[in-house]
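Residue numbers (numbering that gives the first Met the number 0), protein chains in the order written: chain V, 0 to 264; chain D, 0 to 622.
Note that beta-carbon positions come from the ideal geometry of N, C-alpha and C, so glycine has one too.
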Amino acid sequence: MNKKYDILVIDDEEVIINAINMIAKFNEYTTASAKNPTEALNLLNESTFNLIITDIMMPKMDGFQFLEILKQKKIKTPMIMTTGYSTLENAVKALNYGAIAFIPKPFTFEELTSVFKRGIEYSKISNKLFSRRISEDLLSIIPCPPKYYRLGFDSWMNEEFEGTVKIGVTDLFLNSIGSLGSIDLMSVDENIYQGNTALKIVDSNEYIHQVLSPISGKIVSVNQKILENINLLAKDPYFEGWIYKIIPFSLISETNNLTTCSLDI
Amino acid sequence: MKIFEKIGTRLILTVSFTVIVIISVFAYFNIKSHSDNLISEVERHANQLSETVKNTMQFDMLLNNREHIARVIKTVAKEEGIKYIRILNKKGEIIYSTDSTQLGLMLDKKAESCYACHSENEPLQKLSIIERTRIFKLHSDSSSTLGVINPIYNEQSCWSADCHAHTSEQTVLGVLDITVNLKEVERLTNNSKMDVALFAIISIIVIAIILRILVNILIQKPVRELLQATNYVAVGNLSHRINSSRKDEIGQLSDSFDNMIVKLSEARMQLFQSDKMASIGRLAAGVAHEINNPLTGVLTYSSFLLKRVKNNPEMKADLEVIVRETKRSREIVKGLLDFSRQSTPKKGSIEIAEVIDNTIAVISNQLKINHITLEKNYGKNIPQIMADFNQIQQVFLNLIINSIDAIGKTGGTISISTKEIFLSPYGTFQIRTATCQNGHSLMDEKHKIDGLPSIKLKAKYAKNEGFIHLNPIYGNHQHHYGIQFKEDEIIHLFCPQCGVTLVDENKTTPTCGAPIYYLTIPDNGKVEGCTKFNCNWQRWDVVDSAGDIKFVEIKLSDTGSGIEPKYLSKIFEPFYSTKGQKGTGLGLSVIWGIINNHKGKISVDSTLNEETTFTIHLPVGYE
């Protein structure tokens, strides 16, 4: 009891556990690993973790069921989900279920490191938010406005009057990245799909963070102000800091996959 | 099948039984009247004879010339058919007889000869002509006999004669009894009975033969064809058609059967399509999962190593190759997963030329190997369409691979052209709302035709009532009929909710002159159609006048071996392949399914050994 680790690794394949452990150790995170969710639940009883990374497709119990049990047990450890069956549906579902990130297999050293960095940072933020032990800390996570919809804590969308939809990145995502370096956007007339990477944010340590799109559509306009001044993104993520204006392909059916922001406040 | 279970046998037995009954009844009355006629003729003859004998003997009786009387009787009795003649006196004693053994016998009043007069045990004074005759049998096995009794009444000359044998009080002096044998009559009657029986047997045989032939032509042959067709279909041959030329009920059944097979093969095609996509999806999911895990090992370790050997350029370069190639494998598996998810189309607005160019890039190598020249002729300002990029790419991939196979190693040309065209809304535009004149909706969301809600109408024909579900595509006539009717007759149509008529008797179609039915389309005028359902006339003025619908037309031609005309209609069916072992016969059915899902149309035109052209129409405004 009361052992403290940074990351809990859950995967039914030894080689994946070893690979993840190796990357974690290189980044100086402490890890414990489990080969199935049942084992993981035992570990969670004995120890505390800052972050969990779990496979989705595992025998007996899958990642989503595992997440459900954690919710019931009120274990709020942030979770990263990964799978070899990396469909858009799985990505959207994972973020909707409350995973803070989805990383499709196979991933590179850098890709996993970026997700780990963001996950540990997220963990710190949420610890502060929930405990509020350091009240003098200027913790200001701006929630996404009502009537907006969000995909996990990655991105948001808001329908405009002209039948177009604006999409952007949530403040929590930006905060978990830390200092912003540069941004890699797609261009006008390209199509983006719900659950696919819509943009990449490079932090000051050159780690690339991928933001998944909340909705599918054709990009009609890109916010040039962001490209000129990336800090605008952190300053006003929900209004001035929008990323793309798109014409959605199937707004209504895809909105059903998203979380409404009205309940966030 | 047992012989008694056959329709033909049953029919013949039933009809034969009926014929026997009818002929029997007929024969009974016929023979009876025939024999009655004969008997009355004999009766008349016997009466006449009896009267003649009596008159002849009157004088002799008055003279009491008994010998003479006996001789006259004997002479008359020689006539053929006469059994005997006798005269009885009032007491019943036989005083004259041709049969001398009977002379002097006393007859009982209850005897056969006396029965007519003495039935009430009382002497009768007068006897009418009809009552004088009777038919009786002396023995049960002998032939019938006709007896004529002729009473000899007392006359003035009798009691005033010299012999004074009779007093004037007496009424009847005696009876002249002539008995005639009816053997001849019976023989004639029996003969006609035989004739009738023969007639009955011959007619039954003739009727049976005719019925047998008719049943064979009208029922057995078509039923056998139907049976055979169902067997063909049962073993999976959905291309079999009966093609009956008959117009009767069985012809209708055959047509309806053919129609059912068409629908069945279409349904199977769609089912197969989704089934195939689902199984490929499962396969891809399994493969992706299995391959991605080992790839994760390779990619993480190699990228980690790459990180650690920053100072060793040689090793770094080698590791970069591993990382790059692993990433490439990752993209291939991702592509496999994308392919598997095509059953749920992800529509985006796509540039058709871009899709084609992408496809060509994939198989440019194959084109080169086969010495195929590619001609591209893209139209200018082709609008973008809402479609699934991957699916449309698969369409072109399959089509171009087919073309390459058709051209073979000898080389040839594949030309692809695109242009914007406008097609009539007829046959493409969907009726989404329709009401009766009272504003009741006629749309039936539950009953779908080709996946679209149909238009439900109440139909009346003769005494039949039922529902007709109209195809909601304006100009399409694959309706669903829930009522039996003759195709070239007028059907009365009503609103299923309020029963108001939908037929306008005053307006007729320009094609066949039958009255029109009309559906009210809220804010969009009226759809009119013909009440004869074999006439495919429909008109929707508002839509027709609004102009044509925009499509992108893509033509893909090759100078390959071509397709034989008889196979042209089949090539979009699943499992149909001209490539033998080489092909699965699925490529074109997959294409058909994809184009159909996009509300588009695909058609093919081919000249053997010259050219094959596939034409695809995809709607621009479709979402």
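**Prompt:** For W536(D), which three-state DSSP category applies?
**Reply:** Here residue 536(D) refers to the residue found at position 537 of the second sequence. DSSP places W536(D) in the coil class of the three-state scheme, outside both helix and strand.
**Request:** Within the same chain, show all residues whose beta-carbon is closer than 6 Å to that of P103(V), passing over the 5 residues directly before and after it, in chain order.
**Result:** The sequence position of residue 103(V) within the first sequence is 104, counting from 1. Result list for P103(V): S85, in chain order.
**Item:** Limits of the unbroken beta strand (DSSP E) element including N505(D)
**Value:** Walking along the second sequence from the start, residue 505(D) turns up at place 506. That run of the beta strand (DSSP E) goes V502 to T507.
**Request:** Report yes if the CB atom of V41(D) is closer than 8 Å to the CB atom of V75(D), and no otherwise.
**Result:** The residue you call residue 41(D) lines up with position 42 of the second sequence. The residue you call residue 75(D) lines up with position 76 of the second sequence. No, they are not a contact pair.
**Prompt:** How long is the line joining the alpha carbons of T266(V) and N49(V), rounded to whole angstroms?
**Reply:** Examination of residue 266(V) is not possible in this model, given that chain V is present from 0 through 264 alone.
**Asked** Does the distance from the CB of V210(V) to the CB of V168(V) come in under 8 Å?
**Response** For the purposes of this step, residue 210(V) is taken as the residue at position 211 of the first sequence. For the purposes of this step, residue 168(V) is taken as the residue at position 169 of the first sequence. With a cutoff of 8 Å on beta-carbon distance, V210(V) and V168(V) are scored as near each other.
**Prompt:** Can you list the alpha helix (DSSP H) stretches of 4 or more residues lying completely in the stretch 46 to 76 of chain V, in chain order?
**Reply:** Counting whole runs of 4 or more residues, the stretch 46 to 76 of chain V contains the alpha helix (DSSP H) stretches 62 to 71.
**Request:** Give the DSSP-derived three-state secondary structure of D5(V) in the structure shown.
**Result:** Reading the first sequence from its first residue, position 6 is the one you call residue 5(V). In this structure, D5(V) counts as strand in the three-state DSSP scheme.
**Request:** Go through the stretch 210 to 258 of chain V residue by residue and report every complete run of the alpha helix (DSSP H) that reaches 4 residues or more, in order.
**Result:** Runs of the alpha helix (DSSP H) inside the stretch 210 to 258 of chain V: 223 to 227, 230 to 234 and 250 to 254.
**Item:** Identified DSSP bridge partners for G167(V)
**Value:** Stepping through the first sequence from its first residue, residue 167(V) is reached at position 168. Per the DSSP secondary-structure output, G167(V) pairs in a beta bridge with W155(V).
**Message:** I need the straight-line Cα distance from Y148(V) to I99(V), nearest angstrom please.
**Reply:** Translated into the one-based positions of the first sequence, residue 148(V) becomes position 149. Translated into the one-based positions of the first sequence, residue 99(V) becomes position 100. Cα to Cα, Y148(V) sits roughly 16 Å from I99(V).
**Item:** Reference G561(D); option with closest CA among S402(D), I467(D) and S414(D)
**Value:** The sequence position of residue 561(D) within the second sequence is 562, counting from 1. It is S402(D).
**Prompt:** Can you find a CB in chain V that lies within less than 8 Å of the CB of V322(D)?
**Reply:** If you number the second sequence from 1, residue 322(D) lands on position 323. By this cut-off, V322(D) is an interface position.
**Message:** I'd like to know if F484(D) contacts chain V, where contact means its C-beta is closer than 8 Å to some C-beta of that chain.
**Reply:** Counted from its first residue, the second sequence places residue 484(D) at position 485. No, because no Cβ of chain V sits closer than 8 Å to the Cβ of F484(D).
**Sheet register partners of Y206(V) (DSSP bridge)** = Within the first sequence, the letter at position 207 stands for residue 206(V). Note: Y206(V) sits in no beta bridge, so no partner.
**Message:** When you compare the stretch 175 to 185 of chain V with the stretch 105 to 124 of chain V, are there three or more beta-carbon pairs, one atom per stretch, that lie closer than 8 Å?
**Reply:** In short, these stretches touch, since the Cβ pair count reaches three.
**Request:** Give, in chain order, every residue of the stretch 284 to 315 of chain D whose Cβ lies closer than 9 Å to some Cβ of chain V.
**Result:** Correct list: A284, G285, A287, H288, E289, I290, N291, N292, P293, L294, T295, G296, V297, L298, T299, Y300, S301, S302, F303, L304, L305, K306 and R307.
**Asked** Quick one: is M60(V) near chain D, going by C-beta distance under 8 Å?
**Response** Looking up residue 60(V) in the first sequence gives position 61. No, M60(V) does not count as interfacial toward chain D.
**Prompt:** If we cut at 8 Å on Cβ distances, does N41(V) have a partner in chain D?
**Reply:** As a working mapping, residue 41(V) is identified with position 42 in the first sequence. Closer than 8 Å: no.
**Asked** For L48(D), which option in L567(D), V147(D) and K565(D) has the closest C-alpha, if you only look at C-alpha atoms?
**Response** The residue labelled residue 48(D) in the question sits at position 49 within the second sequence. For L48(D), the nearest C-alpha among the options comes from V147(D).
**Asked** By a C-beta neighbour count over all protein chains shown, 10 Å radius and 16 as the cutoff for buried, is P618(D) buried or exposed?
**Response** Your numbering for residue 618(D) matches position 619 in the second sequence. P618(D) comes out buried.
**Message:** For K309(D) and E319(D), I'd like the C-alpha separation in whole angstroms.
**Reply:** By one-based count along the second sequence, residue 309(D) stands at place 310. By one-based count along the second sequence, residue 319(D) stands at place 320. Spanning the two alpha carbons is a distance of roughly 11 Å.
**Request:** Could you name the residues of chain V that R267(D) contacts, counting a contact when the two beta carbons are closer than 8 Å?
**Result:** Taking the first residue of the second sequence as position 1, residue 267(D) is located at position 268. None at all; the shortest Cβ gap to chain V is about 28 Å.
**Item:** Residue of K379(D), A386(D), I368(D) and P424(D) minimising C-alpha distance to I400(D)
**Value:** Taking the first residue of the second sequence as position 1, residue 400(D) is located at position 401. When each option's Cα is compared against that of I400(D), the closest is I368(D).
**Item:** With 16 other Cβ atoms within 10 Å as the buried cut-off, status of P145(V)
**Value:** As a first step, residue 145(V) must be located in the first sequence, where it is residue number 146. The residue is exposed, with fewer than 16 neighbouring Cβ atoms inside 10 Å.
**Asked** Quick one: which chain D residues come within Cβ less than 7 Å of G83(V)?
**Response** Taking the first sequence and counting its residues from 1, one reaches residue 83(V) at position 84. Chain D residues near G83(V): A287, H288, N291 and N292.
**Message:** Using CA atoms only, rank isn't needed, just tell me which of I182(V), I68(V) and M21(V) is closest to N230(V).
**Reply:** Numbered from 1 along the first sequence, position 231 holds the residue referred to as residue 230(V). Closest by alpha carbon: I182(V).
**Request:** Determine the burial state of M156(V): buried for a count of at least 16 other Cβ atoms within 10 Å of its Cβ, exposed for fewer.
**Result:** Taking the first residue of the first sequence as 1, we reach residue 156(V) at position 157. So M156(V) ends up on the buried side.
**Prompt:** Are the beta-carbon atoms belonging to G216(V) and V91(V) less than 8 Å from one another?
**Reply:** Taking the first residue of the first sequence as position 1, residue 216(V) is located at position 217. Taking the first residue of the first sequence as position 1, residue 91(V) is located at position 92. No, Cβ-Cβ distance for G216(V) and V91(V) is not below 8 Å.
**Prompt:** Between the C-alpha atoms of S342(D) and I290(D), what's the straight-line distance to the nearest angstrom?
**Reply:** As a first step, residue 342(D) is located in the second sequence; it is residue number 343 there, counting from the start. As a first step, residue 290(D) is located in the second sequence; it is residue number 291 there, counting from the start. Legend: pLDDT at S342(D) = 47, less than 50; position of this residue unreliable, value from coordinates given subsequently. Approximately 22 Å, taken between the alpha carbons.
**Request:** Write down the C-beta distance between I413(D) and A386(D) rounded to the nearest angstrom, noting that I regard them as a contact closer than 8 Å.
**Result:** Position 414 of the second sequence, counted from the start, is the residue given in the question as residue 413(D). Position 387 of the second sequence, counted from the start, is the residue given in the question as residue 386(D). Incorrect: roughly 22 Å between the Cβ atoms, too far for contact.
**Message:** Taking the alpha-carbon of H479(D) as reference, which of I406(D), G235(D), K262(D) and P221(D) has the nearest alpha-carbon?
**Reply:** Walking along the second sequence from the start, residue 479(D) turns up at place 480. Checking every option, the nearest Cα to that of H479(D) belongs to K262(D).
**Request:** Output the distance between the C-alpha atoms of V499(D) and L12(D), rounded to the nearest integer angstrom.
**Result:** What you label residue 499(D) is simply residue 500 of the second sequence in a count that begins at 1. What you label residue 12(D) is simply residue 13 of the second sequence in a count that begins at 1. V499(D) and L12(D) have their alpha carbons spaced roughly 50 Å apart.
**Request:** Kindly list, in the order they appear in chain V, the residues whose Cβ is closer than 8 Å to that of R329(D).
**Result:** Numbered from its first residue, the second sequence carries residue 329(D) at position 330. Chain V residues near R329(D): P105.
**Asked** Name the chain D residues that come within less than 9 Å of E12(V), Cβ to Cβ?
**Response** Along the first sequence, read from residue 1 onward, the residue named residue 12(V) stands at position 13. Near E12(V) (Cβ distances below 9 Å), the residues of chain D are N292, P293, T295 and G296.
**Request:** For V541(D), count neighbouring C-beta atoms within 10 Å of its own C-beta (all shown protein chains included) and say buried if the count is 16 or more, exposed if not.
**Result:** As a working mapping, residue 541(D) is identified with position 542 in the second sequence. With fewer than 16 other Cβ atoms inside 10 Å of its own Cβ, V541(D) counts as exposed.
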